[in-house]
Every structure is written in structure tokens, then in C-alpha cells.
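Data block below; observations after.
Chains as they are written, first to last, in the working numbering: chain A, 3 to 115; chain B, 3 to 119.
As C-alpha cells, then:
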């Protein structure tokens, strides 16, 4: 079975400081992992995805994530937070059949001016 | 390129009623998935359609049903609405490139907010 655990339900950072959103996964095979962002009253937007190529994945808006098999982690980072980054972030693992995404419970990011 | 669109944006129904939600997939995408996102939760997979056939289903009762049409648009139908069905319903489409395998990335629409009173 596949699942993801987002270790923090809420993260607050000051504008201009680094962002770290943590995600651990559980999968019986080499997983495909995704990070999505959801702004209030908006749909889910793909930030980045890992599909067994390079372990360091770069996404949109300066975000990146590193796949660490030994730690079963896929943490999302950004060097410098911007006010517009305030949103809900979801870590997602794809099922081995490819037809289902398993979402984490989400991390709410607050950016303090 | 047109993204995933959903209608209506908001809907209010009463318990016991039936509802139909609609989704138009992104251009070139032939696979559509539906998710339910309760307030404060992550989305939960309902089912997926590929080439007008159901291609996987999550842990939802049979009163949740769907259709996919030849143009790859889709409907989600929910019968006998319950209060707990109040949620944001998300549609996502993904491409299946013939000869190149699956691209499993899912592209989400803005959702339909359903309130059941």
C-alpha cells in the first residue's frame, strides 16, 4: 500500500527566510511523488514531480524537493519565502497502477511579513 | 491550451437529493479522475475513467457514480445525498500518450463546492 505522511500541519516562516515542508512516504515499489499547492478557493497546482530520474527535482516558483530513498522522504524546500507562497501544500504518492493519487493531510504555510 | 474546467462552481442541495457535477478535461487528455476534499482534509480518490470505462475506484459507496463521454468530458453523480457529502469535488485529467506510455501527472480543475443541508 502507498501512503504519505506530512509531518507538520502548520508551518510559519518570515518573508525572505527558507521554507521546509516535510513529507515521508510509504511504498512497496519505486514511487512517483508529487507536491501540489492549493491557494484559497483555487484548484490544486502542480509544483513538481519525481518519477525516478534525478533525485533533486526543481519545480515552479523556486521550489525544489529531494527524493531520499534511505530516509523515505521527499521534503519540499525554497530558499526564500515570498508572501505569495502562503497556501496549503500537499505531498502525493501515485498508486502502482497509476490511476490513483494518495494525498497527505496537507501543510498550511503562513508567511509573516 | 485550455485547462480543466468544472461546473457549477457552487451548489446547495438538501439531504436525499441527487446531484450531477461536470468536468471538461484538458485538451489532449483522455483520463479523468474525481476526488472529494472535505474541509481541512486532503483530497480522497473517488474513481477514474479512461476511454469511457471506470479504471479504478476508491472507498466510496455505489451511490457515487460517473460517466465519461467520447470527448473525454465527465460527470460525477451522487444519489441520496448525505450531510457528510458536503465537500469540494475536484476533477483531474491526465494524458495517455499512445506508444509512449502513461503520463500520470494529474492536472486539477478549480472544483465544485457542494453543500448539503
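Note that the Cβ used here is the ideal one computed from N, Cα and C, for glycine as well.
Within the stretch 49-74 of chain B, the residues whose Cβ lies closer than 8 Å to some Cβ of chain A are 50, 52, 57, 58 and 60, listed in chain order. For a Cβ distance threshold of 9 Å, residue set 105, 107 and 108 of chain A lies close to residue 43 of chain B, ordered along the chain.
Between residue 80 of chain B and residue 65 of chain B a beta carbon distance of about 6 Å is seen, short of the 8 Å cut, so the two are scored as contacting. At least 8 Å separates the beta-carbon of residue 76 of chain A from that of residue 92 of chain A. At a cut-off of 8 Å between beta-carbon atoms, residue 92 of chain B makes contact with chain A.
Under the DSSP assignment, residue 69 of chain A falls in the beta strand (DSSP E) whose first and last residues are 66-70.
A Cβ-Cβ distance of about 13 Å is found for the pair residue 23 of chain B and residue 117 of chain B, leaving them out of contact under the 8 Å criterion. Contact between residue 27 of chain B and residue 91 of chain B is absent: CB atoms are separated by about 15 Å, not below the 8 Å threshold. Neighbourhood of residue 113 of chain B in chain A, by CB distance below 7 Å: 45, in chain order. Within chain B, the residues placing a beta-carbon under 8 Å from that of residue 51 of chain A are 107, ordered along the chain. The three-state secondary structure of residue 63 of chain A, taken from DSSP, is helix. At least one CB atom of chain B sits nearer than 8 Å to the CB of residue 48 of chain A. In this structure, B/85 is the residue among B/85, B/97 and B/50 with its C-alpha nearest to the C-alpha of residue 41 of chain B. Between residue 89 of chain B and residue 109 of chain B the beta-carbon gap is near 20 Å, outside 8 Å, which marks them as no contact.
Each of A/90, A/81 and A/53 was checked against the Cα of residue 107 of chain A, and the nearest Cα belongs to A/90. Contact residues of the stretch 66-95 of chain A toward chain B are 92 (C-beta to C-beta distance below 8 Å). Excluding the 5 residues flanking it on each side, residue 19 of chain B has same chain C-beta neighbours closer than 6 Å at 83, in chain order.
The shortest CA-to-CA distance from residue 9 of chain A to any of A/80, A/39 and A/26 is the one to A/26.
At a Cβ-Cβ threshold of 8 Å, residue 59 of chain A and residue 71 of chain A do not count as neighbours. Short of 6 Å from the beta carbon of residue 45 of chain B, and not among the five residues preceding or following it, lie these beta carbons of its own chain, in chain order: 37, 39 and 92. Of the other Cβ atoms in all chains shown, 16 or more fall within 10 Å of the Cβ of residue 106 of chain B; this residue is therefore buried. Rounded to the nearest whole angstrom, the CA to CA distance from residue 9 of chain B to residue 21 of chain B is 12 Å. Short of 6 Å from the beta carbon of residue 7 of chain A, and not among the five residues preceding or following it, lie these beta carbons of its own chain, in chain order: 26.
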